[in-house]
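J.:
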Amino acid sequence: MALIHTSIDQVKNTLTISYPAKPHFLASLIYGNKFRKSFTVPLNVNALPENKLAKYPVTEVEIWRQKSVGYDLSAHIPQELKDAIFSKNYTKVDVGLFAVVDGRNRGINHMGPPVEVLGRPNTIGFADFAPIHILGLASVREFNELVKGEIPDLSVRRFRPNIIVGGSPSYDEDDWQTIKIGNEDYHVMSRTPRCKVPNNDPDTGERNRNEPDVTIRGQRNIDPGAPLLGCMGMHMVPFERGKIHKTFYPCIRDLMIFGCNIEGSINVGDKIDVKSRTPDHKWGRNLWTQIEG
């Protein structure tokens with residue numbers, strides 16, 4: 049799975065998925081073992097006209113024991129890719145591809161601020177626990193010193209953050225609670241307990257038997273809510289623009305604008321402003337606390 053790559057074309061509203069494939073004779077002479085094939089699916093299925101949307105049935109899915117639904121795009125997956133994917137014990141698995149149905153997201157209110165503060169229901173689509181994962185590059189570089197015997201160059205890509213922060217001290221993000229990136233405000237819900245996926249090299253797909261998992265569990269066992277799992281990075285959720293609780297910014301509380309759209313944008317190079325911190329992050333618990341002015 050690490051060797052499956054994606055690219056998007058927002059103009060054409062398409063997502064292209066490429067994967068390693070067994071080449072035919074001529075392709076093997078040209079590409080060797082780097083031969084790839086690809087297929088394309090709609091990027092924003094919800095924006096399709098009804099006659100095209102009807103091709104994708106709404107199907108029940110389950111994520112971390114939570115029921116949800118998605119548009120089923122599995123018919124686009126080539127059979128050779130389905131045949132190449134196995135479970136961890138090398139048994140065949142059903143391979144599917146689904147897109148989020150607008151308005152049918154999963155609730156995560158147990159992990160973040162209430163609706164009256166966030167400005168909207170706290171929901172996600174198919175992500176594990178949060179829509180955004182943020183991680184400091186300095187944190188990865190400092191941690192790399194602990195495992196460089198096994199992994200000389202530990203890539204931040206192993207941890208799959210949506211946002212990579214440069215210029216902050218190592219592990220500074222561990223106690224962030226509210227931050228501003230550009231013009232957008234975010235609630236930092238929790239630390240990110242790590243599974244063994246970072247053991248996979250994203251460039252080769254090869255899996256290290258122990259690292260960085262063993263060292264993360266030993267050296268980054270910092271969250272009382274996840275005592276057996278080390279943590280790297282933070283889960284975040286965006287506030288609806290203008291919906292931050294008045295007690296966050298008492299000096300400008302009268303300037304807050306309410307009723308704005310949740311949609312916003314961030315850009316490479318945007319400044320991050322840490323508005324508040326908390327030492328009390330605990331995985332699995334709602335840490336929302338008001339900050340009195």
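So the mapping is simple: this note's numbering equals the position in the sequence shown, first residue as 1, plus 48.
C-beta atoms are modelled at their ideal positions from N, C-alpha and C, and glycine is treated no differently.
1. Please name the residue in I65, G155, F83 whose C-alpha comes closest to that of S122.
2. Under the DSSP definition of a beta bridge, which residues are partnered with F146?
3. Name the two residues that bound the continuous alpha helix (DSSP H) containing D131.
4. With DSSP run on the structure shown, which of helix, strand or coil describes P246?
5. Kindly list the residues whose CB is nearer than 8 Å to the CB of T54, restricted to its own chain and excluding five residues on each side of it in sequence; keep chain order.
6. DSSP on R325, reduced to helix/strand/coil?
7. Quick one, which of F87, Y119, E259 has its alpha-carbon nearest A69's?
8. Within 9 Å of any Cβ in chain B, is that where the Cβ of G197 sits?
9. Please report the Cβ distance between A178 and I156, rounded to the nearest whole angstrom; I am assuming they are in contact, meaning their Cβ atoms lie under 8 Å.
10. I want to know whether the region 310 to 319 touches the region 255 to 272 - three or more CB-CB distances under 8 Å.
11. From the DSSP secondary-structure annotation, give me the bridge partner or partners of K228.
12. Do the region 142 to 162 and the region 109 to 123 meet, that is, are 3 or more Cβ pairs less than 8 Å apart?
13. Are three or more beta carbon pairs between the region 176 to 193 and the region 272 to 284 nearer than 8 Å?
14. Using a 10 Å radius around the Cβ and a threshold of 16 neighbouring Cβ atoms, would you call E221 buried or exposed?
15. Mind checking whether N61 and P90 have CB atoms under 9 Å apart?
16. Quick check on DSSP: helix, strand or coil for G266?
17. Which same chain residues end up closer than 7 Å to T171 when comparing Cβ atoms and leaving out the 5 residues on each side of it in sequence?
18. Please go through the region 56 to 112 and give each complete alpha helix (DSSP H) segment of 4 or more residues, from N-terminal end onward.
19. Once DSSP output is grouped into helix, strand and coil, what is the label at R255?
20. Buried or exposed: which applies to L276, given that a residue is buried once 16 or more other Cβ atoms fall within 10 Å of its Cβ?
21. To the nearest angstrom, how far is it from the Cα of E254 to the Cα of A50?
22. Determine the direct distance from the alpha carbon of N192 to that of N231, and round the result to whole angstroms.
23. Would C279 be called buried (16 or more neighbouring beta carbons within 10 Å of its own) or exposed?
T.: Result, derived from the coordinates:
1. The residue with the shortest Cα to Cα distance from S122 is I65.
2. Looking at the DSSP output, F146 bridges to D120.
3. 127 to 132
4. helix
5. L63, T64, I65, S66
6. In the three-state scheme derived from DSSP, where H, G and I count as helix and E and B as strand, R325 is classed as strand.
7. F87
8. Note that chain B does not occur in the displayed structure, where there is just one protein chain.
9. In this structure, A178 and I156 form a Cβ contact; the two beta carbons are roughly 7 Å apart against a cut-off of 8 Å.
10. Look at the beta carbons and you see the region 310 to 319 not touching the region 255 to 272: under three pairs across the two are nearer than 8 Å.
11. D233, D321
12. A contact exists between the region 142 to 162 and the region 109 to 123.
13. yes
14. buried
15. yes
16. helix
17. N153, R154, G155, I156
18. 73 to 79, 98 to 101
19. Annotated three-state conformation of R255 is strand, per DSSP.
20. exposed
21. 9 Å
22. 32 Å
23. buried
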